[in-house]
Structure formats: structure tokens, C-alpha cells
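Chains as they are written, first to last, in the numbering used here: chain D, 3 to 281; chain R, 3 to 330. All residues carry an ideal CB built from backbone N, CA and C; glycine is no exception. Computed from a predicted structure; not experimentally measured. Report on the structure given below.
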Amino acid sequence: MNTLKVCEVSVVYPGSEGGESVTALSDVNLTMEQGDLVVALGASGCGKTTLLNLIAGFISPSKGYLTLGNSKVKGYPRVLCGKEIGDEVTGPDADRGVVFQKHALLPWLNVIENTEFGLKLQGVDKKLRRERAAEYLKLVGLEDFHQHKVYQLSGGMQQRVGIARALTNDPKMLLLDEPLGALDALTRESLQELLLDVWRKTNKMMFFITHSVDEALLLATRLVVMSPRPGRITHQFELNFNQQFLDCRDARQVKSSPEFIAMREKVLAIIHGDELAVA
Amino acid sequence: MTSMTKEMGSSSIGESKKKIVNSKAAKEPQMVDTKEERESAAASVSLLDKIQLKIKKMTAPSAVQSGEYFGTPGAGDSRLIGVFSTIFFIAIWAIATEGGFIKPIFLPSPVDVVQRLIDITVDGFAGATLVEHLNASLVRIFGAFLLACLIGIPLGITIGCNRVFRGIFDPLIEFYRPLPPLAYLPLIIIWLGIDESSKVTLIFLAMLSPIVLSARSGVTSVRIEQIQVAYSMGATPWQVITQVIARGAMPDIMTGMRIAIGFGWTTLVAAEMVAAERGIGFMVLNASEFLVTDVVIAGIIVIGIIAYCFDLLMRYLESKLIPWKGYN
Ligand SMILES: Nc1ncnc2c1ncn2[C@@H]1O[C@H](COP(=O)(O)OP(=O)(O)OP(=O)(O)O)[C@@H](O)[C@H]1O
Ligand SMILES: [Mg+2]
């Protein structure tokens with residue numbers, strides 16, 4: 003039931019007036035099962051965000067198709083029309099929570115109102131949704147900021163509110179676009195652990211984009227390495243460093259193990275190979 | 003020896019001044035100030051120099067205060083300068099008129115205008131007191147404003163969100179928007195007669211297009227990520243419109259409302275030209291026919307003050323309702 007399939011998908015962005023069209027993704031195949039934590043790694047501009055937007059249903063493939071369970075995933079043709087889409091097709095929905103590369107908080111709501119926004123949309127009773135939101139805000143370390151205005155928070159704090167918001171909504175699948183990019187090393191590690199805990203407890207599917215090889219190796223059950231121009235998936239690795247990490251709770255120990263170091267070298271070699279090819 | 007004591011003396015003056023201003027401005031521009039002060043102290047200070055220095059200080063770029071951003075265009079407080087410039091213009095007006103350079107029939111003196119203002123408040127002019135005139139106009143203008151907001155804001159948002167509505171209303175609005183209200187005033191009179199309804203309709207139409215257009219452009223200024231996130235948290239299109247788009251469009255809508263009120267005042271006079279018996283615009287027109295220039299000016303000043311007060315109110319509302327404006 004909960005299987006995401008990306009089949010032979012290409013995405014071409016039409017070039018704006020006179021500009022050339024951009025092939026952001028070309029013939030991408032990917033399968034995700036319940037409990038998979040897929041991490042996408044690749045140089046800037048290789049189509050990671052495009053892939054995430056496809057899965058979320060924000061854009062449609064130019065070629066190929068995506069399925070989630072029994073329904074096809076397609077972008078809404080316009081910003082505002084949902085009702086005309088039948089059951090066999092799905093646009094963006096509450097089963098796929100998104101954390102964007104740049105936060106997308108609503109500035110007219112304070113921190114806790116932003117966090118509970120999804121539950122409010124679904125008509126959850128105010129007391130209950132406050133409780134849930136407060137719980138996740140505590141987990142991301144923002145328990146003292148409930149009433150703060152979101153536009154007066156630091157970039158990293160805004161990003162954490164975005165993560166808490168996505169988690170509070172409890173989607174089946176989480177799509178995270180460089181969610182920890184703006185954080186200091188310490189907060190970053192504690193949030194990596196938090197996400198892994200949530201993942202293990204709820205067995206969610208997660209699609210996680212990052213630029214950090216260490217982060218990718220530490221979190222992934224499957225690592226997807228992408229290369230640019232045109233965006234393709236070049237390598238996929240099954241990993242289990244996250245199990246080791248959840249067992250010993252010591253990121254540095256995991257990262258200093260010989261297997262981890264060897265894997266990191268391998269991935270870095272691939273990425274550097276790309277950069278040389280591009281340059 | 004003497005020069006040394008002189009310098010020490012002046013620098014200690016500089017020091018004490020520094021303390022006073024230090025809480026307001028950071029150090030660097032202050033250093034420049036003290037240097038200038040030292041120079042002016044050396045060249046025995048005349049009154050003119052002092053004034054010059056004061057003006058320089060008032061208009062000099064100051065360091066950003068804590069809580070402000072460097073690079074915000076036009077940052078800093080201009081109120082004091084505003085008070086001075088107002089006093090300056092009134093002074094010129096007074097000198098030109100009291101000095102007999104301009105005939106009262108062209109421009110009466112400030113004292114005459116104030117006197118006349120009191121007169122028309124107490125005794126009235128053209129069949130009604132100032133308060134009655136004002137009341138008639140305010141009911142028209144704010145009645146029309148309320149109507150324009152109630153219809154214009156939802157209409158603009160719908161046009162922005164829905165291509166069918168956009169297709170229907172865009173040509174209509176784009177056609178009538180550039181027309182001067184006076185051009186279609188005769189038509190409205192033929193349709194509605196010359197009573198209140200035609201005046202309110204005229205003002206309403208003048209206000210409608212800026213409100214609709216601002217609401218419409220407000221919709222497009224909402225960040226797409228905010229809309230997408232709402233959808234991926236299970237929002238229905240209706241929820242997205244009411245809880246994301248309508249809220250995100252607020253800054254633009256408020257701007258549109260301010261522009262609309264400006265249009266309203268312009269159109270008011272036109273509307274009151276047609277068989278009105280009361281109204282501040284009517285009062286001014288009537289006075290101009292009889293060359294009662296001081297009533298004309300008194301009327302203009304009253305309109306100006308009320309319009310300004312309304313703008314202050316809107317600014318206050320903006321700071322309360324859309325404090326995030328400019329951040330996003
Ligand atoms: N809306 C768009 N219109 C046209 N071209 C686009 C659009 N969005 C992305 N692209 C192009 O598609 C390619 C892939 O972009 P994408 O945002 O998916 O990259 P990315 O892997 O997420 O990069 P980064 O790591 O920098 O976020 C880029 O070359 C980009 O220029
Ligand atoms: Mg990206």
C-alpha cells in the first residue's frame with residue numbers, strides 16, 4: 003500500500019523568453035517502501051529539490067510517472083484547484099509533510115500557532131493541538147519561544163519551527179529539503195537524532211536532502227547520489243549506519259569506524275568525479 | 003601653551019556633549035561631529051555657525067539604532083524636521099500676506115483663515131455649519147469606502163485566485179479604471195438621479211479599482227512555498243484562500259486602501275458639485291464662486307487635516323495588523 007514509485011521520470015523546465023529549457027531530471031527511477039529513509043546527495047543544481055517537489059505533488063513530470071500506493075502523484079495544474087482531481091490521482095496532501103529549503107512559515111502567526119497550523123486546518127480541538135505542538139517544539143528546543151514572532155527568530159530557529167510543524171502534523175511520509183543546513187553543529191546533531199528517533203518510532207518514510215556527506219551516511223537506509231546536467235541518479239547504496247547510531251547514541255564513534263570512513267571516501271570520490279567532469 | 007589649553011577646553015565640551023548624545027548614536031559619526039565642533043570653536047562661534055551645526059546634526063546620517071537594520075531606506079525619525087518645515091511654511095505664508103505682498107482675495111493671512119474657521123464652525127456657511135458640512139462628506143466618503151472594501155477585497159482576491167473570474171472582471175476593471183470619475187458622472191446621474199446614492203456610487207467606483215487591483219496583486223505576492231506547505235498539511239483550496247492567501251495579501255490590500263481614500267477625497271469634490279446642499283467639497287466650491295478665499299483655504303485645510311488623520315490611523319492599523327511587512 004505505502005509504496006512510492008518513481009518511474010522513468012524526466013522534468014524539463016521551459017526556459018523563460020529566449021533562455022534554453024533546463025532538463026532538471028532525466029529518467030529517474032526510485033522506489034521507497036514503508037520505513038525507508040532515503041537521503042539524496044549531490045552537487046547544487048542536480049535536481050534534488052525538483053525530485054522532492056515531484057513526490058510532494060507540487061510539479062508534474064514531463065515524462066514518466068509517480069505512484070503512491072494506488073494513486074498517481076501529479077502536480078496541481080494551478081495553485082487553486084484540488085477538487086476536480088479524483089481518487090486515482092493525488093496532488094499534495096497531508097500524508098506527505100514538507101520542510102522546505104527556505105522556511106515557509108506564516109509571519110502573521112506566532113511560533114506555536116505556526117506549529118499547530120496543520121492540525122488546525124484539519125479541525126483538531128484547540129487544546130489537543132496545542133499540546134501536540136508544544137511537545138514537538140520542546141523536542142526541537144524551542145519550548146521558551148511559543149509566543150515569539152516567527153520573523154524575529156534566527157534562521158536556524160525558523161527552520162526548527164518548520165520541522166516541528168511538519169512533525170506535529172504526523173504525516174506518513176516526510177520530505178525534508180536540507181532541513182538542518184542552517185544549524186550549528188551541536189543543534190544539528192541533536193536534531194539528526196530526533197529525526198531518527200521519530201523515524202524509528204513511527205516507521206515513516208522519509209526523503210531527506212542534504213549537502214553533507216557525513217549527515218547522509220549517518221541517517222540513510224538508502225543513499226541516493228545524484229549528478230547534474232542532466233540530473234540523474236548515478237549510485238544507490240543500502241546503509242545501516244543509522245542503526246549503529248541508534249544503538250550506541252554516539253555519532254563520533256560511528257563516524258570514526260573504518261566502514262564509515264571507507265564509505266565516505268567512496269562517496270566523496272563520486273562527487274568529486276562529477277565536479278571534475280563539470281569543470 | 004595657549005593653544006593646548008584651548009584644545010583641552012574644547013575637547014572637554016565635546017566630551018560632555020558626547021555623553022548626552024551617546025545614548026542615541028554610535029561612536030563613529032560622533033567623532034566627526036566633535037571634530038567639526040572643535041573647528042567651529044576655534045573660529046569664534048557666531049550664531050549662524052551654531053544654526054548651521056544644528057541643521058547639520060539634524061540631517062546628518064546617524065548610525066542605526068539597536069533594533070533597526072542598516073540599509074533600510076530612509077531609516078530614522080523625521081518628525082522633528084517635519085514640525086520645523088511646517089512652521090517654516092506657515093511663517094512664509096504669514097510674512098507674504100501680513101506684509102501686504104499678496105492681496106487677501108488671492109491668499110488671506112493665516113490669522114484671517116483661523117478667524118474664518120471659527121466663524122463657520124459657529125455660524126455656518128452656505129446654509130450649514132462646518133460640522134454639518136463635514137458630517138455629510140464623511141458619511142459619503144466612509145460609506146463608499148466601507149462598501150468598496152467589502153466588495154473590492156473579496157473580489158480582488160477571487161480575481162487573483164481564479165482564472166474564470168479574472169477573465170470576466172479583468173477587462174471590465176481595466177476599462178473603467180483609467181476613466182476620470184467626472185467622465186462617467188453624467189451617466190450615473192441619469193441612472194440614479196441627483197440624491198445621495200449617485201454621490202456615494204461615484205466615490206465608491208473611484209475607490210473600488212485601487213482596492214481590487216491591490217488585493218489582486220497581493221494574491222500574487224504570497225510566497226508559493228507558504229501555499230504549498232498549507233496544501234501538504236491537508237488544507238482545502240478554501241482554507242488556503244482564507245487562511246494563507248487572504249492573510250498574505252494584507253500588506254498590499256492596506257496600501258490599496260490608503261490609495262483608495264486618496265482617490266475618494268479627489269472624487270468627493272466632483273460628486274458634491276452636483277446639486278449638493280451640504281458637504282465640505284460643496285462648501286469650498288460655493289465659497290470659490292463668491293470669491294470667499296478664506297473659506298476656500300479653511301476648507302482645504304480641514305480636508306487636509308482629516309485625510310492626514312485617517313492616514314495616521316491606517317499606519318497605526320498597519321503596525322498592528324501587518325507588523326511583519328517588509329520581512330517575509
Ligand atoms: N522553477 C524553475 N524554472 C526553471 N528552472 C528551474 C526551476 N527550478 C529549478 N530549475 C533548474 O533545475 C535544476 C535543478 O534545480 P533544483 O532546485 O532541483 O536543484 P537542487 O539539487 O535542489 O540544488 P540545491 O542543492 O542548490 O538546492 C537547476 O539547474 C535549476 O536551474
Ligand atoms: Mg534544492
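Exclusion of the five residues before and after D252/D leaves no residue of its chain whose Cβ lies closer than 6 angstroms to its Cβ. Counting C-beta pairs with one atom in each stretch, the segment 208-216 of chain D and the segment 153-168 of chain D have fewer than three that are closer than 8 angstroms, which means they do not touch.
The beta carbon of F119/D falls within 8 angstroms of a beta carbon belonging to chain R, placing the residue at that interface. Taken in chain order, the complete alpha helix (DSSP H) segments of 4 or more residues contained in the segment 146-219 of chain D are 157-170, 187-204. Among the residues of the segment 132-157 of chain D, those with a Cβ less than 9 angstroms away from any Cβ of chain R are K151, V152, Y153, Q154, in the order of the chain. For the segment 156-175 of chain D, the set of residues with a beta-carbon nearer than 7 angstroms to any beta-carbon of chain R comprises N171, in chain order. Judged by DSSP secondary structure, K327/R falls outside any beta strand (DSSP E); it is assigned neither H nor E. Contact note: G236/R reaches chain D through D95, A96, G120, L123, Q124, using a C-beta cutoff of 7 angstroms and chain order. With a cutoff of 8 angstroms on beta-carbon distance, V286/R and V271/R are scored as near each other.
Proximity of V100/D to chain R, defined by a Cβ-Cβ separation below 8 angstroms, is satisfied.
Here the alpha carbons of M265/D and L219/D stand approximately 8 angstroms from one another. Taking the Cβ of K50/D as the reference point, at least one heavy atom of ligand 1 falls within a distance shorter than 7 angstroms. Look at the segment 206-227 of chain R: the residues with a C-beta under 7 angstroms from a C-beta of chain D are R225, E227. Taking a contact as a CB-CB distance under 8 angstroms, the pair M235/R and A96/D counts as one, their CB atoms being some 6 angstroms apart. Across the segment 58-77 of chain D, CB contacts with chain R closer than 8 angstroms involve A58, G59, F60, in sequence order along the chain. Within a 10 Å sphere around the beta-carbon of D179/D sit 16 or more other beta-carbons, which makes this residue buried.
Rounded to the nearest whole angstrom, the C-alpha separation of L121/D and N171/D is 6 angstroms. When secondary structure is reduced to three states using DSSP, Y71/R falls in the coil class, being assigned neither helix nor strand.
Residue burial is scored here from C-beta neighbours: T244/R has fewer than 16 other C-beta atoms within 10 angstroms and is therefore classed as exposed. For F262/D, the number of other beta carbons within 10 angstroms of its own is at least 16, and it is reported as buried. With a threshold of 8 angstroms between beta carbons, V116/R makes no contact with chain D. In the DSSP assignment, G283/R falls within the alpha helix (DSSP H) that extends over 282-291. Closest option to F86/R, judged by alpha-carbon separation, among G145/R, M209/R, K56/R, F177/R: K56/R. For the pair I226/R and N288/R, the Cα-to-Cα distance works out to about 53 angstroms.
For I107/R, no alpha helix (DSSP H) encloses it, and the DSSP letter there is neither H nor E.
Distance from the C-beta of Q103/D to the nearest heavy atom of ligand 2 is below 7 angstroms. Boundaries of the alpha helix (DSSP H) around M209/R: 198-223. Taking 8 angstroms as the cut-off, the beta carbon of T269/R is found closer than this to the beta carbon of P183/R. Counting only Cβ-Cβ distances below 8 angstroms, A106/D has contacts in chain R at R225, E227, Q228, Q230, V231, in chain order.
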